[in-house]
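All remarks here apply to the structure that follows.
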Amino acid sequence: MVIGDGAVAAAFAALAPFRTGDRLTVIGPGSAQLGRGLAYADHPPDAPWRDGYLLNSPAGTVDPAFPDWVAERWPEVAARKARHPRGTAFDADAVAAEDHAALFLPRAVFGDYLRDRTDAALAAHHERGVRVTLRPAIVTDLALDRGRFRLTLSDGQQMQADSVDVATGGPAPARFGADTGPAAFEQLYGNEAAIAASLRPDALRPDAEVLCLGANAAMLDVMRLMQCLLPEDRIRMAVLSPSGLLPEPLIWTRPRGAPVTPDLHGPYPDAAAFLAAVDADLAAHRAKGARMAELRRGYRAYLDQVGLAALIPDIDERRRVIGPLDRRFRRGTADSLADFDRLSHAGQIRIIRANVDYVVAGADRTTRVRVTGPEGPSDLSAPIVINCAGPDPQAYELMTAGLIARGWIERIGQGLRVGAGLETRIPGLRYLSPAVTEIGDEVMALPLYDVDRLTTYVRRASRAT
């Protein structure tokens, strides 16, 4: 049994070593589109934003096989990319050179790729005599019942399984509370239609700002959504960010820049010493012309090979590295960042350096946000407020929260720990999501948000089964 409908659930389903006569059941609200999840969801063909969201990284860094898949379907993919608000204006040279690996493609197109790969794997299971069932439902409870797992679904039906793989996604977004006004959204994705209704010209003053809480990739997607729905001169955004810093574009040049080789000389006594060494090393590479594409690729390969344990012997200090190290490699879609910069210089987007204290309903159908900035606390009011700060590391969706409450998976600091084979404390139950920060003895140097890395851990665990 697999619980979930995203890329990790699809990997569990595809890579498990089934035998003839085995039964595979995948349960998730989007299991009919297994592999997409929320991150790579498709939208109705007539939705203006269907192809507005682009991958944060070039196609070649998302999955090594993805560019070849794109090349085989280029006329169709090109038509989808042309529907993006900026079309191919930013990467026309890569299109002309047929350099598909360097393209920032619609996320829904990558979802198509995941669907094709998943469909092929499930068809192969079927040919081997495995009985495959995809069940669009939500599992509300998972319990042990006389040596087997008992699953309770949202419709009250119960099912049993001998083994269960849980892949229900990472931490949930922060919740605002009940009294936040008519247009305060705890996340962008899945709320596009409601946000679009609030952005109607007859519902929004021409000078009204959309307020984004956070300056990460989701904020750039809010800008893209507005570009899909409004004339560009009507776009007004205010972005709240404690640091005021944006992600860095991850651009693949031609010829490709070689990934850097980190020059670190551990072991380091603590996280602070390690991060200081990383900062000095990154500055040295940047002085030689390295950009985020070369820095991120080089560091990822180095940390995967060397391991964080060899650099920071103290495990508690290793655990303090995960978030701060990731922030040094924040990246975003290159043309979205270019558009953000252009609209910012035009006075249509502004960044406010401040921390968000709370969000409540305001007057005249607005939402009020209390913030604390360099000059102290103040209030901001906006007709539309969207949380773009990313997931709350202490908030989990229903299934994960239940596993934590039962003590079946362990909470460690800002993340979760599972066994070397993704095992939980219950035999036959495995778990993986971007919330996992430790697998066996390995502390993740960077969070598990990349599909290829997550799939690698599922593959290793399945081979060991």
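Numbers 1282 to 1746, taken from the working numbering, label the letters of the sequence shown in order. Backbone N, C-alpha and C define an ideal beta-carbon position, used for all residues, glycine too. Just so we're clear, the structure is a prediction, and the values are computed from it rather than from any experiment.
Close-in-space but distant-in-sequence residues of the same chain around residue i (CB under 7 Å, 5 per side omitted)
i, result
"P1463", "R1646"
"A1340", "F1347, P1348, V1351, H1381, A1382, L1384 and L1386"
Exposure label - residue i; buried when at least 16 CB within 10 Å
i, result
"R1623", "exposed"
"S1522", "buried"
"D1733", "exposed"
"L1526", "exposed"
"Y1730", "exposed"
"G1628", "exposed"
"N1497", "buried"
"K1362", "buried"
"G1451", "buried"
"H1747", "Shown here, the chain extends from 1282 to 1746; a query on residue 1747 therefore has no answer."
"A1564", "exposed"
"H1626", "exposed"
"G1309", "buried"
"E1656", "exposed"
"T1614", "buried"
"G1688", "exposed"
"W1330", "buried"
"E1353", "exposed"
"L1713", "buried"
"P1366", "buried"
"P1728", "buried"
"S1524", "exposed"
"G1570", "exposed"
"S1338", "buried"
"G1654", "exposed"
"D1446", "buried"
Beta-carbon proximity of residue i to residue j, cut-off 7 Å
i, j, result
"L1469", "R1388", "no"
"D1616", "F1371", "yes"
"E1379", "A1663", "no"
"V1307", "F1457", "no"
"A1716", "L1697", "yes"
"A1484", "A1402", "no"
"A1676", "V1652", "no"
"P1482", "R1612", "no"
"L1589", "V1699", "no"
"S1245", "R1416", "As displayed, the chain neither begins before 1282 nor continues past 1746, which places residue 1245 out of reach and without an answer."
"A1465", "V1666", "yes"
"R1577", "F1621", "no"
"P1454", "P1605", "no"
"L1618", "P1530", "yes"
"S1435", "T1421", "yes"
"Q1441", "R1429", "yes"
"A1742", "T1461", "no"
Option nearest residue i by Cα separation, candidates the options
i, options, result
"G1316", "I1707, A1373, G1392 and L1494", "G1392"
"I1419", "L1432, D1426, L1606 and L1425", "L1432"
"T1414", "A1424, D1400 and I1596", "D1400"
"Y1394", "R1698, R1367 and F1347", "F1347"
"D1374", "T1449, T1421 and W1533", "W1533"
"Q1438", "P1452, A1635, A1352 and L1423", "L1423"
"M1680", "R1711, L1661, A1554 and G1654", "R1711"
"R1599", "A1499, P1454 and A1554", "A1554"
"I1596", "R1354, L1531, L1618 and E1719", "E1719"
"I1516", "A1552, F1466 and A1477", "A1477"
"T1542", "R1741, H1566, T1705 and D1502", "H1566"
"G1333", "Q1586, M1500 and V1637", "M1500"
"L1319", "T1421, A1288 and A1328", "A1288"
"D1560", "A1519, P1536, V1602 and G1538", "V1602"
"L1425", "P1708, A1582 and W1355", "P1708"
"I1633", "Y1321, D1562, V1520 and P1594", "V1520"
"N1472", "D1502, A1459 and P1487", "D1502"
Cut-off 6 Å between Cβ atoms - residues of its own chain near residue i, not counting five sequence neighbours on either side
i, result
"Y1584", "In the sequence as presented, Tyr is not what sits at residue 1584; that position holds Leu. Excluding residues within five positions, the ones whose Cβ falls inside 6 Å are A1726."
"R1692", "I1685"
"G1495", "C1669 and A1670"
"V1736", "Checking the sequence, you will find Thr at residue 1736 rather than Val. So the list reads A1292, once near-sequence residues are dropped."
"G1285", "G1309, A1448 and T1449"
"A1251", "Lying outside 1282 to 1746, the shown extent of the chain, residue 1251 is not represented and no answer is given."
"G1694", "R1600"
Sequence-distant residues of the same chain with beta carbon closer than 8 Å to residue i, five excluded per side
i, result
"T1301", "R1409, G1410 and V1411"
"H1407", "V1413"
"A1405", "none"
"E1467", "P1454, A1455, R1456, F1457 and N1668"
Residue-chain proximity (residue i, chain D), Cβ-Cβ < 7 Å
i, result
"V1602", "Of the chains in the structure shown, none is chain D; there is only one protein chain."
#### Entry: Complete runs of the beta strand (DSSP E) confined to the stretch 1335-1419 [at least 3 residues]
1412-1416
### Inside the stretch 1488-1552 only - alpha helix (DSSP H) runs reaching at least 4 residues
1498-1510
### Task
Report the residue ranges of all alpha helix (DSSP H) runs contained in full by the stretch 1444-1491; include only those spanning at least 4 residues, in chain order.
1473-1479
### 4 or more residues per run - each alpha helix (DSSP H) lying fully within the stretch 1569-1621
1573-1587, 1589-1592, 1596-1600 and 1603-1608
### Query
Where in the stretch 1653-1713 do unbroken runs of the alpha helix (DSSP H), each at least 4 residues long, occur, reported from the N-terminal end onward?
1679-1687
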